[in-house]
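Peer 1:
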Amino acid sequence: VSRATLSTVGRVRLTFFGVRGSCPCAGDAYRRVGGNTSSTLLSVEGEEPLILDLGTGLRALGDALGEVADGPLRAHALLTHLHFDHILGLPFFAPLHEPGAHLTVYGPPQDSGAHLRDTLASAVQPPFFPVKMVEFGGEIDVKEVGDDRFEVGSVAVRATRVPHPGNTLGFRMEARGKSVVYLPDHQAPIGRAAVPDQVLELCAGADVLLHDAQYSDEEFAVKPDWGHSTVAYAVRVAAEAGVRRLFLFHHDPSHTDHDVGVLLRRARRVADARHVAQISVATEGMTITV
Ligand SMILES: [Zn+2]
Ligand SMILES: [Zn+2]
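In the numbering used here, the protein residues as written are 64 to 353.
1) Taking a contact to mean a Cβ-Cβ separation below 8 Å, would you say H139 touches T231 in this structure?
2) For the beta strand (DSSP E) that Q341 lies in, which residues bound it at each end?
3) Alpha carbon to alpha carbon, how far is A186 from K195?
4) When you compare only the Cα positions, how much space is there between Q250 and V197?
5) In whole angstroms, give me the CA-to-CA distance for P112 and S106.
6) Apart from the five residues on each side of it in sequence, which residues of its chain come closer than 6 Å, Cβ to Cβ, to M349?
7) Can you give me the Cβ contacts of V208 inside the same chain, cut-off strictly under 6 Å, excluding the 5 residues immediately before and after it?
8) For V131, tell me which candidate among R328, R308, T352 and P158 has the shortest Cα-Cα distance.
9) Mapping DSSP to helix, strand and coil, what is A67?
10) Would you identify the three-state DSSP class for T182, choosing helix, strand or coil?
11) Between R299, R83, L311 and D320, which lies nearest to L263 when the distance is taken from Cα to Cα?
12) On the DSSP letters alone, give me the boundaries of the beta strand (DSSP E) that R212 sits inside.
13) Given this structure, state the Cα-to-Cα distance separating R255 from R307, to the nearest angstrom.
14) Do you know how far the Cα of G233 is from the Cα of A302?
15) Could you have a look at I351 and say whether DSSP puts it in helix, strand or coil?
16) Going by Cα to Cα distance, which pick from L265, T293, L117 and G229 is closest to I253?
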């Protein structure tokens with residue numbers, strides 16, 4: 064990712080640093096799509112960086128921010144939930160170890176009743192990681208959000224609870240007249256015949272939707288309650304919500320580049336029938352203008 068791709072003049076951009084679901088993977092067979100787990104940078108002209116999830120892609124995202132920084136980090140992160148694949152990059156986010164750095168994290172409250180801040184900190188401490196989160200050089204401010212609307216700078220954010228094991232959020236971001244919806248982990252109903260109202264409202268008319276595309280129909284048949292969607296269900300959500308561009312996201316770690324290509328072709332066949340305007344695979348290192 065170059066300085067040019069991170070420049071945001073006049074634009075709303077997304078850069079994918081991690082697009083994989085569940086567990087990172089590596090090797091020649093995964094080279095094109097990429098092996099890091101969920102972490103995406105939303106860049107809006109004149110605004111501080113907005114990070115979508117803290118998966119292993121966050122390490123490279125931090126390096127990219129470091130290259131263009133002219134002072135300590137000032138950034139915000141929207142955290143969908145606490146599964147490993149969405150938080151594992153946090154300890155390796157280099158800019159946060161510098162004194163004066165500041166990261167605000169917005170994420171879901173926990174059923175345990177413990178504050179999200181303390182729950183997150185309990186995963187980033189010995190013996191899991193050598194340094195306690197609270198001892199990082201920078202400061203992390205953690206805010207709990209449920210079905211909420213709030214502003215991050217001039218970016219309007221809407222959070223909605225979505226079906227997935229544990230408390231899980233989807234997010235809609237609106238800035239400069241553009242809208243992006245982020246739904247990396249979304250349990251499709253067993254019959255996959257209906258989309259929950261709150262999901263349709265979140266996605267309604269979005270310019271870009273990043274959606275869980277973990278399974279083929281065959282895989283879903285044996286993993287119907289593992290928390291995820293099929294590519295065909297991702298297309299259904301996009302079609303029913305009137306989304307302009309759908310990006311298949313949260314690829315299964317067992318899916319090679321070839322497998323993901325097969326799923327894309329299947330998705331496009333479904334999309335043609337359902338009149339979804341544009342459908343692509345989110346790949347690591349890709350920058351798109353919304
Ligand atoms: Zn996940
Ligand atoms: Zn999950």
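Cβ atoms here follow ideal geometry from the backbone N, Cα and C, with glycine treated the same way.
Peer 2: Let me spell this out:
1) The residue given as residue 139 occupies position 76 in the sequence shown. The residue given as residue 231 occupies position 168 in the sequence shown. Judged by beta-carbon spacing, T231 lies beyond the 8 Å limit of H139, meaning their Cβ atoms are not closer than that value.
2) One-based indexing of the sequence shown puts residue 341 at position 278. It spans Q341 to V344 - the beta strand (DSSP E) in which Q341 sits, taken as one unbroken run.
3) Position 123 of the sequence shown holds residue 186. Position 132 of the sequence shown holds residue 195. Roughly 9 Å between the two C-alpha positions.
4) Translated into positions along the sequence shown, residue 250 becomes position 187. Translated into positions along the sequence shown, residue 197 becomes position 134. Straight across, the Cα-Cα distance linking Q250 with V197 is about 33 Å.
5) Stepping through the sequence shown from its first residue, residue 112 is reached at position 49. Stepping through the sequence shown from its first residue, residue 106 is reached at position 43. When only Cα atoms are considered, P112 and S106 end up about 6 Å apart.
6) Translated into positions along the sequence shown, residue 349 becomes position 286. Within the same chain, M349 has close Cβ partners F79.
7) Along the sequence shown, read from residue 1 onward, the residue named residue 208 stands at position 145. Excluding residues within five positions, the ones whose Cβ falls inside 6 Å are Y169 and A222.
8) Numbered from 1 along the sequence shown, position 68 holds the residue referred to as residue 131. Minimum Cα-Cα distance from V131 among the listed residues R328, R308, T352 and P158 corresponds to P158.
9) Looking up residue 67 in the sequence shown gives position 4. With a pLDDT of 49 at A67, under the threshold of 50, the modelled position of this residue cannot be trusted; read the value that follows with caution. DSSP places A67 in helix when its eight states are reduced to three.
10) Numbered from its first residue, the sequence shown carries residue 182 at position 119. Looking at T182 - three-state DSSP - the assignment turns out to be helix.
11) The count along the sequence shown starts at 1 and reaches residue 263 at position 200. Nearest in C-alpha terms to L263, of all of R299, R83, L311 and D320, is R299.
12) Residue mapping note: residue 212 aligns to position 149 of the sequence shown, counting from 1. Counting along the chain, R212 sits inside the beta strand (DSSP E) bounded by residues D211 to V215.
13) By one-based count along the sequence shown, residue 255 stands at place 192. By one-based count along the sequence shown, residue 307 stands at place 244. The alpha-carbon atoms of R255 and R307 are separated by roughly 21 Å.
14) Translated into the one-based positions of the sequence shown, residue 302 becomes position 239. Translated into the one-based positions of the sequence shown, residue 233 becomes position 170. Taking the straight line from one Cα to the other gives about 18 Å.
15) Translated into positions along the sequence shown, residue 351 becomes position 288. Look at I351 here: in three-state DSSP terms it is strand.
16) In the sequence shown, counting from the first residue as 1, residue 253 sits at position 190. The candidate whose alpha carbon is nearest that of I253 is T293.
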